[in-house]
Amino acid sequence: MNIWEDFATHSVRRVRVVEEVSAIHVVKGPAAGSTMDLIEGPLIVGSHAPADLVLDDELVSRLHCRFERHPVGVHVRDLGSRNGTWLGGHRIVDAVVAPHARVQVGDSLLELVVERKPMVKTTWDGGEHFGDLLGVSPEMQALFAQLTRLLGTDQTTLIRGESGTGKELVARALHQLGPRAQGPFVVVDGACLSQYLADVELFGHVRGAFTDADIDRAGAFERAHGGTLFLDEVGDIPRPVQAKLLRVLDDATVQRIGEGVRRQVDVRVIAATHQPLEEMVNGGGFRADLYHRLATFQTHVPPLRERGEDVERIAGQMLEEMVPGDGRALDALGRALEKHRGYMWPGNVRELRNLVRRVAAFGDGEPAVLGWNPGLPTTVRADEPFQSAKEKWVASFERQYLVRVLDEAGGNVSEAARRAEMSRMHLTRLIAKHGIQRG
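Mapping of the sequence shown onto my numbering: residues 998 to 1436, in sequence order.
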């Protein structure tokens, strides 16, 4: 038995349980009588593959809506469908529904049913770490169990989750704990690639292929041969390049720019995104066939706000790495985390790391550093003039938005302006207006 197989075998337990299982039952329409359980991950409803529940309904979009388990029910999200998703006569974009709720899509009526069923459940039994990931919360322990099942496959895997949740750490763990651990781990950030740069970075070029191509250069696929290629923010890869990417995934060959032959590559591809790829497919921004190829195996990294007990552990581990054995810094971190009790951490683990860095450097972590002030308005008030109440809400929104977009851009103002679709000068003025500290 290989090392990775031994790890996968001994770090999970399979237990027989009887628990409530949500299912989507088609009560009306061409597929009436069909039922699909909602056990792990989202369930996509649409008229064609790669939808999980395929409805032969001409009024249903290719990828119409998504059902996903939620702590207080089942989350339903419309995926930019043509004819909408309807609940109780109202067109919805997002909703959390309870058992027996009926959702209309096209001419089909879907009912959420919940039944108690016996099943074999895989649970994590490997402690609080999975590679460099740390988590004791039920959400992360469930993720670790799911990741263990993905270790042995060479199939393309899609990691989903908000910015800053640690999707690259997940990819690295799958590489380091899997059978390709001795091979290279190559990272390509799709958010930084224009069409031209994407071609060069992914596929490489030969000498003389274009101006300044004075040497042969291997692309990311060739550099990752025998190992893993991590395509971060795959949703940002330009559409013309997506067709070339799909071909590589299908036939495991690449063609350098300026070369007439294709080269064989042996690479496991792990992709990641924070974007709603299904909506991008419906809108034409992302190829349906590439989505189908990427989404065969997928996993979701929970946001930090859903990982309650992990926040203090992660922060403590970060602090120990930055200033080992510093008791005063540890006390300061405890005070800082107490001030942030109830905070939603919109920047997730990346934002938490920024807080810990400040504690390590200066011994404090004031909420203002993160753009959060418990005194900011959280409810609409009618005991003050309309204009002043509105200004407080606008100021709150501006500050929260700016902090998040800057965090997601790594503090780069030009990149943040691009993401916010505003001029760099306007963004700089807003940053100064709100006294937001960068870096």
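Glycine included, each C-beta is placed from N, C-alpha and C at the ideal position.
Is the segment 1141 to 1154 touching the segment 1109 to 1124, taking contact as three or more C-beta pairs under 8 Å?
Between the segment 1141 to 1154 and the segment 1109 to 1124, the count of Cβ pairs shorter than 8 Å is three or higher; the stretches touch.
Using the Cβ count rule (16 or more neighbours within 10 Å means buried), how would you classify M1315?
M1315 is buried by the Cβ-count criterion.
Assigned secondary structure, I1267 (DSSP; H/G/I helix, E/B strand, else coil):
Looking at I1267 - three-state DSSP - the assignment turns out to be strand.
Beta-carbon contacts of A1414 that lie in its chain and below 7 Å, excluding the five residues immediately before and after
Contacts found: S1420, R1421, L1424.
Note down the Cα distance separating E1112 from R1011, rounded to an integer number of angstroms.
If I take the Cα positions, the gap works out to 21 Å.
Excluding the five sequence neighbours on either side, which residues of its own chain have a C-beta within less than 6 Å of the C-beta of P1181, listed in chain order?
A1221, G1224
Could you give the distance in angstroms between the alpha-carbon of Y1340 and the alpha-carbon of E1037?
Cα atoms of Y1340 and E1037: separation of roughly 28 Å, rounded to the nearest angstrom.
Would you say V1278 and L1246 are within 8 Å of each other, going by their C-beta atoms?
No, the pair does not count as a contact, with Cβ atoms beyond the cut-off.
Measuring alpha carbon to alpha carbon, tell me which residue in R1401, S1058, V1197, A1292 is nearest V1346.
R1401
May I ask which residues mark the beginning and end of the beta strand (DSSP E) holding M991?
Past the edges of the chain, shown from 998 to 1436, lies residue 991, and the structure says nothing about it.
Let's see if you can read the secondary structure: which residues bound the alpha helix (DSSP H) around F1218?
Judged by DSSP secondary structure, F1218 falls within the alpha helix (DSSP H) whose first and last residues are 1217 to 1220.
Using the rule of at least 16 other Cβ atoms within 10 Å of the residue's Cβ for burial, across every protein chain shown, is H1337 buried or exposed?
A residue is called buried when at least 16 other Cβ atoms come within 10 angstroms of its Cβ; H1337 meets this threshold and is buried.
For S1393, does the three-state DSSP call read helix, strand or coil?
helix
R1298 (DSSP reduced to helix, strand or coil):
Residue 1298 is actually Val in this sequence, not Arg. V1298: coil per DSSP, three-state reduction.
What does the Cβ neighbour count give for A1268, buried or exposed, with the cut at 16 atoms within 10 Å?
buried
How long is the line joining the alpha carbons of L1367 and T1296, rounded to whole angstroms?
Here the model assigns L1367 a pLDDT of 44, short of 50, so the residue's position is not dependable, and the following value carries that caveat. Going by the C-alpha atoms only, they are around 29 Å apart.
Under 8 Å, do A1028 and D1053 count as touching if we go by C-beta distance?
yes
I'd like to check one pair, V1023 with S1031: are the Cβ atoms closer than 8 Å?
At the C-beta level, S1031 and V1023 come within 8 Å of one another.
Buried versus exposed call for Y1288 [16 or more other C-beta atoms within 10 Å across all chains shown]:
buried
Three-state class that DSSP yields for W1001 in the structure shown:
Helix, per DSSP.
When the Cα atoms are used, what is the spatial distance from L1352 to L1399?
17 Å
Beta-carbon proximity check, S1134 vs R1013, cutoff 8 Å:
No. Outside cutoff.
Counting pairs of Cβ atoms below 8 Å between the segment 1078 to 1097 and the segment 1058 to 1067, do you hit three or more?
yes
Note down, in chain order, each residue of its chain lying with its Cβ closer than 8 Å to the Cβ of F944, except the 5 sequence neighbours on either side.
What is shown of the chain runs 998 to 1436, which leaves residue 944 out entirely.
Should P1047 be labelled buried (16 or more other beta-carbon atoms within 10 Å of its own) or exposed?
buried
Is L1243 near R1284, with beta carbons less than 8 Å apart?
The beta carbons of L1243 and R1284 sit closer together than 8 Å.
Three-state secondary structure assigned by DSSP to V1014
strand
Do G1128 and Q1173 have their C-beta atoms within less than 8 Å of each other?
yes
Helix, strand or coil for I1089? Go by DSSP, reduced to three states.
strand
Assumed close pair V1093, V1069 - CB separation to whole angstroms, cut-off 8 Å
Taking a contact as a CB-CB distance under 8 Å, the pair V1093 and V1069 counts as one, their CB atoms being some 6 Å apart.
Can you tell me whether P1300 is buried or exposed? The criterion is at least 16 other CB atoms within 10 Å of its CB, across all chains shown.
By the neighbour-count rule (16 or more Cβ atoms within 10 Å), P1300 is buried.
In whole angstroms, give me the CA-to-CA distance for D1034 and V1117.
For D1034 and V1117, the distance between alpha carbons rounds to 14 Å.
Name the DSSP bridge partner or partners of F1454?
No answer is possible for residue 1454: it lies beyond the span of the chain, which begins at 998 and ends at 1436.
The alpha helix (DSSP H) spanning E1230 covers which residue range?
From DSSP, E1230 is part of no alpha helix (DSSP H); its letter is neither H nor E.
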